[in-house]
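Below is one structure, written out as C-alpha cells; comments come after it.
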Amino acid sequence: MFVVKYRKFFYALSAILVIGSIASVSIWGLKPGIDFKGGSIIEVEYTNARPDQNTLTTSLAPLAIDASIRATGSNGYIIRMKDINQEQKNSLTSVLGTFGSSTEKRFDSVGPLLGSEALRKSMVSIIFVILAIVFFIAFAFRKVSVPVSSWQYGIVAVIALIHDVIVPTGIFSVLGHFAGYEVDTLFVTALLVVLGFSVHDTIVVFDRVRENLNHAKANKPFSEIVGESISQTFTRSVNTSMTTLLALIVLYFVGGESTQHFSLALIIGIIAGTYSSIFLGSPLLVTIWKWQEKRIEAKKAAK
Amino acid sequence: MLKTRIIAVFLLIIAVTIGLLTYYSSFAGSSISKPFKLGLDLNGGTHLVYKADTSKLSIGEVSVSMLALRDVIEKRVNAFGVGEPIVQVEQGGILGSKEAQQKLIVELPGVTDIDEAIKMIGRTPVLEFQTLSQADKKIVDDKKLEQKEYSIEILKAYKPTGITGRMLERAILEFNNTTMEPTVSLNFNAEGKALFAKVTKENVGNIVGIFLDGNPISEPVVREEIKDGKAVISGSFKLDDAKLLVRDLNYGALPVPIELISTQTVGASLGQSALNGGIKAGVFALIVIGLFLIIWYRLPGLVAVISLGVYTTLMLALFKLIPVTLTAAGIAGFILSIGMAVDANILIFERMKEELKKGKGISEAMHEGFARAWNSIRDSNTSSLITGAILYFFGSTSVITGFALVFTFGVAVSMFTAITASRVFLYAVAPKTTNKLSTFLISNGFTKTIISQSLTK
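Heads up: the sequence lines are chains E and L, in that order.
Be aware that the first sequence starts at 1013, since it is given in our numbering, and climbs by one per residue.
Be aware that the second sequence starts at 28, since it is given in our numbering, and climbs by one per residue.
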C-alpha cells in the first residue's frame, strides 16, 4: 500500500502544516471573539445611505470606547468596542442616530469575567474530550495487544487528533491576521466536533486492522496488514467524510452569516481529520511497530 | 420476506404520520398546534446574564437565596408583559474555580429595546415608613373611593418619617394566636428603635404606612407608643403575600445583589434571515447528500435516503416533543448530523460490497454487511456521543449546549435509522436472485464488482 510505503512523505506534509500553524499562532496569535475577551458588538442598518466610515469613526472617537468599524451589507455597520455599560450604549445609539434613521439589528455585550470563564470551560472541555477518547480507544481495542498494544492505538489516535485541532487553529490564525476572523466559543465547539469526527474515521481503520490481525497468518508483517486495512477502508473513510462535508459546504454557503465561520472551521477540521486517519494515524502504527522490532533486534544482538 | 415487507410498510406509515403531524402542528390555528420553539437568535429578543454576589451569604443560604432572587425577577419580568420570558439560575464556575459562580439568565423574547427592561430588573426597591394623620385619612379615604387607587395627590398626604428598610433588623412571619391569620412582625435596630418610638409616640391614632417602592403595602393604625422597637403588621394577609413581604423586608426586596455582565439583543429581521438560512441549508443538504447516495450506492443508496428521511422526521418531531429550543447553532448541529447520520449506512454498504466480492450471494452479503459493520459503527458513534455529552455539560453558553443537545440526539437517533430502519427497508426491496442486474443495483462505486456464479443459488 502506497500510504504505508511513502508514509514519510505524508508525515512531512502533516509536519509542514502543523509547524506552519504553530508558527502562525505564535507570530500572529488568534483574534479572540468578545465571548472570550469581553467586549461589545453592535450591528446597525441605516434605512437610507449609511454615513461614511471615516466620518463615523471620528464621531465615535469622543465616546472613548475603542470602536472598530466594519461595513456590512449595503447599508450597515458592525462596530466592535470594549465592554460598555447602559449609559455608554445610550450615547452610542444617539451618535449613530445623528446620521439618519437606523435599526439596531443586534447588540452583544460580554463582561470580561464571563469571557474568562468561557475560555476556561473551553480548555477544560477540549482536555476532557481528548482524555475520554484515549481511554475509550484503549478500552475498545483492549483485546488487541500484539504486536502493538492497545494504549499505543490510543496514543496514535491522540496524535492524529492534536494534528486535526492544530491545523484549523493555524488557518484561523492566518485568517484572523489577514481577514479579521475571530475565534469564539463556536470555533471551540467546531474543534470539539472535529475531535469526535476524526476519531470516528481513525476507528474505522483501526477496527479493520483489529479484524485483519485476527485472520492473518502468523508470519504476515504488521506493515502489510495495516496497508491492506487502509486500502480496504479507503473508500468508506472518504465517503463518510464526503457526506458530512457536503452538508457543511451547503451550510457554509446558504446557512447564513451566524454559522459561516463555524462551518468553515468544521470543513477544515474534517478534511484534516480524514487526512490524518488515513495518512497519519495508521502509518504511525507501523512506525511504532518498526521501532519495537528494532529494539528487540538490538537486544538480541547484544546477547 | 413478506413479513419484512409488512414491517417496512408499517415503519413507513408511522414515519409519514409523524411527518404529517409535525408539519401540520407547525401552523397556528390547527387543532394540534405545537410550533417549534425558537431561540432568541432566530426569533429576536434579548438575553441578559447577571452575576449574583453571594459572597456575603453562607454556603447553605446560596441556593435558597438564588431561588428567591429568581422569583423576584420573574415577577418583575412578568409585569413587563412579554411573551414567555425565561428566568433561570445557572451555576457557573467549574473545577479549579474557588467558588461556584451564581448567575441569573433572563431571556425576553421579542424585546429589543432593553433599556427599560434592564432598569426594571435591576432597580433597588425602597422600604419606607410614612405617617398619615387621622384628619388626612378622611380626605384620603374619600379620594380613594373616587379614584380607586393611590394617585400622586393621595400619596402627598403621607409624611415621611425618616425610617427606612435600612433600620430594620429583621422581619418575621408569625401567626395571630386567636385568628391564626399570618402577621408580619418587625424588629428595628437601635437607631430605628429610637426613631420608631418617637414617631409612634407622636402619632397615636394615626396611620404609619409601610411603603415598598412608593406603593403602600400595609397601613396599620398606631395604638400606643412602641418603645421596644417591635411592630406587628396585621391585616388580611394571604400566607404567600405575608411570606413575600417578610422576604422583601429582610432582603431589601432583592435577596442577592446582582450585576449585569452580558447582554445580547437580536433584531427580529436578523433572526428571521438566520432561520430562513438554516431551513434552506437543511433542505439543500438533504438533496445533495441524497443525490450522492443514490449515484454512488444505487439501490442501497435509495434505501439510505429513505432512512435519512425517517431520521429527519423523527428529529423534527423530537424537537417539538421534548421540546428543544432551536438556535442557529442548533440548526447547524442538525445539518451536521444529517451528514453524519448516513455514515453508518456507508460503512454497511461498503462492507456488503466486500462480501459480494468474496463471492457471497446478495442476501448473505447483506446480512454480513450489517453484522460486521456493527463494531466500527458502535465504536465511532460512541466517540461522538462522548464528545456531545462533554460539550453539553461543559458548554459555557446556551449556544453551545443547544448545539450539543441536537448533535447528541442526532447521533443516537441516526443509529436507529441508519441500522435498524435501513435494514428493514433494504431487506424488503432487495432482489431475491443474484444476477448481473441485481448485483449492479446492490453494489456501489464505479469499479465493476465481479461475482462468482458458483455460489449463487
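Built from N, CA and C at the ideal position, the CB exists for glycine as well.
Keep in mind that this is a model prediction, so the values were computed, not measured.
Helix, strand or coil at L/Q128 according to DSSP, with G and I counted as helix | By one-based count along the second sequence, residue 128 of chain L stands at place 101. Coil.
Under the three-state reduction of DSSP, which class applies to L/S481: helix, strand or coil?
-> Your numbering for residue 481 of chain L matches position 454 in the second sequence. Legend: pLDDT at L/S481 = 41, less than 50; position of this residue unreliable, value from coordinates given subsequently. It is helical.
Give me the Cα-Cα distance between L/L374 and L/R399, rounded to the nearest whole angstrom.
-> Here residue 374 of chain L corresponds to residue number 347 of the second sequence, with the count starting at 1. Here residue 399 of chain L corresponds to residue number 372 of the second sequence, with the count starting at 1. Each residue's alpha carbon lies about 9 Å from the other.
Enumerate, from N- to C-terminal direction, the unbroken beta strand (DSSP E) stretches of 3 or more residues contained entirely within the segment 206-266 of chain L.
-> Taken in chain order, the complete beta strand (DSSP E) segments of 3 or more residues contained in the segment 206-266 of chain L are 209-215, 234-239, 242-245, 257-260.
Please confirm if L/I40 has its CB atom under 8 Å from at least one CB of chain E.
-> Residue 40 of chain L sits at position 13 when you count from the first residue of the second sequence. Taking Cβ atoms only, chain E never reaches closer than 8 Å to L/I40, which makes this a no.
State whether the segment 1188-1201 of chain E contacts the segment 1291-1310 of chain E, with contact taken as three or more CB pairs (one from each stretch) at a distance under 8 Å.
-> Taking one beta carbon from each stretch, the segment 1188-1201 of chain E and the segment 1291-1310 of chain E have fewer than 3 pairs nearer than 8 Å; the two do not touch.
Given a threshold of 16 other Cβ atoms within 10 Å of its Cβ, counted over all protein chains shown, does L/D68 qualify as buried or as exposed?
-> Against the second sequence, residue 68 of chain L aligns to sequence position 41. By the 10 Å Cβ count, L/D68 comes out buried.
With 8 Å set as the bound, which would you pick, yes or no: does the beta-carbon of L/I33 sit closer than that to a beta-carbon of chain E?
-> Here the question's residue 33 of chain L lines up with position 6 in the second sequence. No - not a single Cβ of chain E is within 8 Å of the one on L/I33.
May I ask you to report which of helix, strand or coil DSSP gives E/L1042?
-> Taking the first sequence and counting its residues from 1, one reaches residue 1042 of chain E at position 30. If DSSP states are grouped into helix, strand and coil, E/L1042 belongs with coil.
Kindly indicate which three-state DSSP category L/S289 falls into: helix, strand or coil?
-> Here residue 289 of chain L corresponds to residue number 262 of the second sequence, with the count starting at 1. Here L/S289 sits in strand by DSSP.
Just checking my contact of E/S1052 with E/I1096 at CB under 8 Å: how many whole Å lie between their CB atoms?
-> Mapped onto the first sequence, residue 1052 of chain E falls at position 40. Mapped onto the first sequence, residue 1096 of chain E falls at position 84. Going by Cβ atoms, the distance from E/S1052 to E/I1096 rounds to 5 Å, so yes, they are a contact pair.
Completely contained beta strand (DSSP E) runs for the segment 1255-1295 of chain E, where each covers 3 or more residues = none
Can you pull the chain L residues whose beta carbon is under 8 Å from the beta carbon of E/L1187, in chain order?
-> Taking the first sequence and counting its residues from 1, the one referred to as residue 1187 of chain E is at position 175. What E/L1187 touches in chain L: nothing, since even the nearest Cβ is about 19 Å away.
Apart from the five residues on each side of it in sequence, which residues of its chain come closer than 8 Å, Cβ to Cβ, to L/L84?
-> In the second sequence, residue 84 of chain L corresponds to position 57, counting from 1. S92, V283.
E/F1111, DSSP secondary structure in three states | Here residue 1111 of chain E refers to the residue found at position 99 when the first sequence is read from its first residue. E/F1111: coil per DSSP, three-state reduction.
Quick one: which residues of the segment 288-316 of chain L get their C-beta closer than 7 Å to a C-beta of chain E? List them in chain order.
-> Hits within the stretch, in order: I288, S289, T290, Q291, T292, V293, G294, S296, L297, S300, A301, G304, G305, K307, A308, F311, A312, V315, I316.
So, helix, strand or coil for E/V1160, using DSSP?
-> As a working note, residue 1160 of chain E is residue 148 in the first sequence. Coil at E/V1160, not helix or strand.
Cβ pair E/G1045, E/V1195 closer than 8 Å = Taking the first residue of the first sequence as position 1, residue 1045 of chain E is located at position 33. Taking the first residue of the first sequence as position 1, residue 1195 of chain E is located at position 183. In contact: E/G1045 and E/V1195 (Cβ atoms closer than 8 Å).
Please determine if the segment 1178-1197 of chain E and the segment 1021-1038 of chain E are in contact, where contact requires at least 3 C-beta pairs separated by less than 8 Å.
-> yes
Out of curiosity, what's the CA-to-CA distance linking E/G1239 and E/F1014?
-> The sequence position of residue 1239 of chain E within the first sequence is 227, counting from 1. The sequence position of residue 1014 of chain E within the first sequence is 2, counting from 1. Looking at the two C-alpha atoms, the distance is approximately 8 Å.
What does L/E377 reach in chain E if we use C-beta pairs closer than 7 Å?
-> Here residue 377 of chain L refers to the residue found at position 350 of the second sequence. Chain E residues near L/E377: T1247, R1248.
Return the bridge partner residues of L/A79 from the DSSP annotation.
-> Locating residue 79 of chain L in the second sequence gives position 52, counting from the first residue. Its beta-bridge partners are L/Q129, L/I285.
Complete runs of the alpha helix (DSSP H) confined to the segment 1068-1126 of chain E [at least 4 residues] | 1098-1109
If you measure from the beta carbon of L/L195 to each beta carbon in chain E, is any gap under 8 Å?
-> The sequence position of residue 195 of chain L within the second sequence is 168, counting from 1. Judged by the 8 Å Cβ criterion, L/L195 is not in contact with chain E.
Nearest-angstrom beta carbon gap, L/L272 and L/I244 [assumed within contact, 8 Å] | Residue numbering aside, residue 244 of chain L sits at position 217 when the second sequence is read from its first letter. Residue numbering aside, residue 272 of chain L sits at position 245 when the second sequence is read from its first letter. 6 Å between Cβ atoms; contact.
Of the residues that make up the segment 1256-1270 of chain E, which ones have a beta carbon closer than 9 Å to any beta carbon in chain L?
-> So the list reads T1256, L1257, L1258, A1259, L1260, I1261, V1262, L1263, Y1264, F1265, V1266, G1267, G1268, E1269, S1270, given in the order they occur along the chain.
Near-chain L residues of the segment 1223-1245 of chain E - C-beta to any C-beta below 9 Å = Listed by position, the residues of the segment 1223-1245 of chain E near chain L (Cβ gap below 9 Å) are E1223, Q1244, T1245.
Is there a Cβ from chain L that is less than 8 Å from the Cβ of E/T1059?
-> Taking the first sequence and counting its residues from 1, one reaches residue 1059 of chain E at position 47. Closer than 8 Å: no.
Nearest CA to the CA of E/L1278: which residue from E/A1259, E/E1269, E/G1268, E/F1148?
-> Within the first sequence, residue 1278 of chain E is the residue found at index 266, counting from 1. The shortest Cα separation from E/L1278 among E/A1259, E/E1269, E/G1268, E/F1148 belongs to E/A1259.
Determine the direct distance from the alpha carbon of L/S449 to that of L/N471, and round the result to whole angstroms.
-> Position 444 of the second sequence holds residue 471 of chain L. Position 422 of the second sequence holds residue 449 of chain L. Each residue's alpha carbon lies about 16 Å from the other.
Inter-stretch contact at 8 Å, needing at least 3 Cβ pairs: the segment 341-361 of chain L / the segment 428-448 of chain L | With the rule of 3 Cβ pairs closer than 8 Å, the segment 341-361 of chain L counts as touching the segment 428-448 of chain L.
Kindly indicate if chain L contains any beta-carbon less than 8 Å away from that of E/H1212.
-> Within the first sequence, the letter at position 200 stands for residue 1212 of chain E. It does; some Cβ of chain L falls within 8 Å.
Which residue from E/T1084, E/M1093, E/T1247, E/A1152 puts its Cα closest to that of E/P1124?
-> Looking up residue 1124 of chain E in the first sequence gives position 112. Here the closest residue by C-alpha is E/M1093.
Alpha carbon of L/M393 to alpha carbon of L/K307, nearest angstrom | Counted from its first residue, the second sequence places residue 393 of chain L at position 366. Counted from its first residue, the second sequence places residue 307 of chain L at position 280. Using only the alpha carbons, I get a separation of about 35 Å.
Starting from L/I373, find everything on chain E with Cβ-Cβ shorter than 8 Å and list it in chain order.
-> Along the second sequence, one-based indexing puts residue 373 of chain L at 346. What L/I373 touches in chain E: R1248, N1251, T1252, T1255.
Using a C-beta to C-beta distance shorter than 8 Å, which residues of chain L count as neighbours of E/F1140?
-> As a working mapping, residue 1140 of chain E is identified with position 128 in the first sequence. Within chain L, the C-beta atoms nearer than 8 Å to that of E/F1140 come from I417, F421, in chain order.
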